[in-house]
Amino acid sequence: MNDLFSPNSQLIEEIQKDIYLLRNFTSYESLIDEVKAVTAQAPFRFMHTPGGKKLNISMTNCGDLGWISEPTGYRYAAKDPSSKRPWPAMPQPFKQLALTAARHANFKNFQPNACLINHYKQGRVLTAHQDKNEPDLSQPIVSVSLGMSARFQIYGDARNNKPLEIELYDGDVMVWGRSARLIYHGVKTKHSIPHPNLGAHRINLTLRKV
Ligand SMILES: O=C(O)CCC(=O)C(=O)O
Ligand SMILES: [Fe+2]
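Take the sequence shown: its position 110, counting from 1, is numbered 110 in UniProt numbering, and each next residue is one higher.
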């Protein structure tokens, strides 16, 4: 464990090698207008797994490329398959937040061009998975929690490991990369604490370079 304070006094904790937690780094209030602007153009939708199962978390994207799940597999697409239009541009505050968070975790040259936005209702889960659809694994993942709390699960190098679990709250940011870039991770929201303004909803931004 390696605790240190960044120059602006936000607590940064390296919770495992190359996995960083930046508590209270942003907030629902400071990003919700941008989230609403994106979802007005590209609404949340439930995608289906390649096996045909409906995902239990709704999603949308902004940026040059958006992560999609379809019968042929997972991929990044330049156009929203629902509207056939390009995804909304990545709002500058998202990019700025991601760069700053990455820099705090010693990733000096992060160039996010894709932002997946997940919406969780209470009780929904994201099962253990790796983020591995990105070609350049030297670039980190920056993940921003907004609204209701959630239990983030870190399984490490195998999905059947016993996970380290961390409760994430509104405004917390996780950054992982280097030796941890391909960790298995998941999310549970069974015992989540509702947010005063957003209630029992959680929005997560996952910023990546594709
Ligand atoms: O919601 C989260 O905290 C993580 C999201 C995630 O792992 C993903 O979108 O790949
Ligand atoms: Fe992920």
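The C-beta atom is built at its ideal place from N, Cα and C for all residues, glycine as well.
- [ ] Provide the residue span of the alpha helix (DSSP H) that contains I32, from first to last.
- [x] 28-41
TODO: Within the same chain, show all residues whose beta-carbon is closer than 6 Å to that of Y184, passing over the 5 residues directly before and after it, in chain order.
DONE: A128, Q130, Y155, R159
Open item on the list: For S145, list the residues DSSP reports as bridge partners.
Closed with: N204
TODO: Taking only the alpha-carbon atoms, compute the straight-line gap between N2 and E13 and give it to the nearest angstrom.
DONE: Low confidence applies here, because N2 scores a pLDDT of 48, under 50, leaving its location unreliable; read the following figure in that light. Near 6 Å, if we compare the C-alpha coordinates of E13 and N2.
TODO: Determine the direct distance from the alpha carbon of K79 to that of F46, and round the result to whole angstroms.
DONE: 16 Å
- [ ] Provide the residue span of the beta strand (DSSP E) that contains H129, from first to last.
- [x] 126-129
Open item on the list: Closer than 7 Å to a non-hydrogen atom of ligand 3 - does that hold for the CB of T189?
Closed with: Looking for ligand 3 in the displayed structure turns up nothing; the ligands present are ligand 1 and ligand 2.
TODO: May I ask which residues mark the beginning and end of the alpha helix (DSSP H) holding L99?
DONE: 92-104
Task: Host beta strand (DSSP E) of S58 (start-end) - done: 58-63
Open item on the list: For S69, list the residues DSSP reports as bridge partners.
Closed with: Y74
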